[in-house]
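K.L.:
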Amino acid sequence: DRGFWAAFTIYPFTKMGNERMVEVAKQYGPERIMINSAADWGISDPLAIPKTAALMKLRGISDEDIRLITYSNAITAFAQSGQIDENDFTKPQSIDQSEKFEGNTVLRGGQQPRTDKSSMIIS
Numbered sequence: 017d018r019g020f021w022a023a024f025t026i027y028p029f030t031k032m033g034n035e036r037m038v039e040v041a042k043q044y045g046p047e048r049i050m051i052n053s054a055a056d057w058g059i060s061d062p063l064a065i066p067k068t069a070a071l072m073k074l075r076g077i078s079d080e081d082i083r084l085i086t087y088s089n090a091i092t093a094f095a096q097s098g099q100i101d102e103n104d105f106t107k108p109q110s111i112d113q114s115e116k117f118e119g120n121t122v123l124r125g126g127q128q129p130r131t132d133k134s135s136m137i138i139s
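Residue numbering for the sequence shown follows my numbering, starting at 17 and increasing by one per position.
#1: Apart from the five residues on each side of it in sequence, which residues of its chain come closer than 7 Å, Cβ to Cβ, to Ala55?
#2: For Arg18, which of Gln113, Arg36, Val40 and Glu47 has the nearest alpha-carbon?
#3: Closer than 6 Å by C-beta to Gly119: which residues in its own chain qualify, once you throw out the five before and the five after it? Chain order, please.
#4: Which class does Met32 belong to by DSSP, given the choice of helix, strand or coil?
#5: Kindly indicate which three-state DSSP category Ala70 falls into: helix, strand or coil?
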């Protein structure tokens with residue numbers, strides 16, 4: 017126990033699929049373990065994390081352990097750098113497309129500005 021973190025990238029059709037990750041989680045527990053998916057080469061699955069979380073739940077891993085492995089541990093590990101703060105992306109920011117940046121707008125083709133107060137809505 018020297019304070020290291022273990023990060024696993026889940027890829028389809030490789031030795032590190034989500035079934036193996038579930039076994040790693042069962043054997044070693046959630047402490048200092050995190051998972052990620054990638055779209056950097058070959059065949060990748062951007063939904064590898066939610067699929068792995070669902071499989072963990074089906075195989076009896078607790079919701080708290082799933083949250084640690086799929087989310088909280090990464091926040092804790094990367095927050096040590098001082099460059100990440102969970103509040104930066106968990107608190108919705110308002111959107112006002114009528115505002116311009118240096119005279120420019122993101123609107124094209126006569127679109128009406130969106131002024132939602134929640135960035136959680138995609139329309």
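Glycine residues also receive a C-beta, built at the ideal position from the N, C-alpha and C atoms.
P.N.:
In short, the structure shows the following:
#1: Counted from its first residue, the sequence shown places residue 55 at position 39. For Ala55, where only same-chain residues beyond five positions count, the Cβ hits under 7 Å are Pro62.
#2: Here residue 18 refers to the residue found at position 2 when the sequence shown is read from its first residue. Nearest C-alpha to Arg18: Glu47.
#3: In the sequence shown, the residue the question calls residue 119 occupies position 103. Closer than 6 Å at the Cβ level, and outside the excluded window around Gly119, lies no residue.
#4: In the sequence shown, residue 32 corresponds to position 16, counting from 1. If DSSP states are grouped into helix, strand and coil, Met32 belongs with coil.
#5: Taking the sequence shown and counting its residues from 1, the one referred to as residue 70 is at position 54. Note: Ala70 maps to helix in three-state DSSP.
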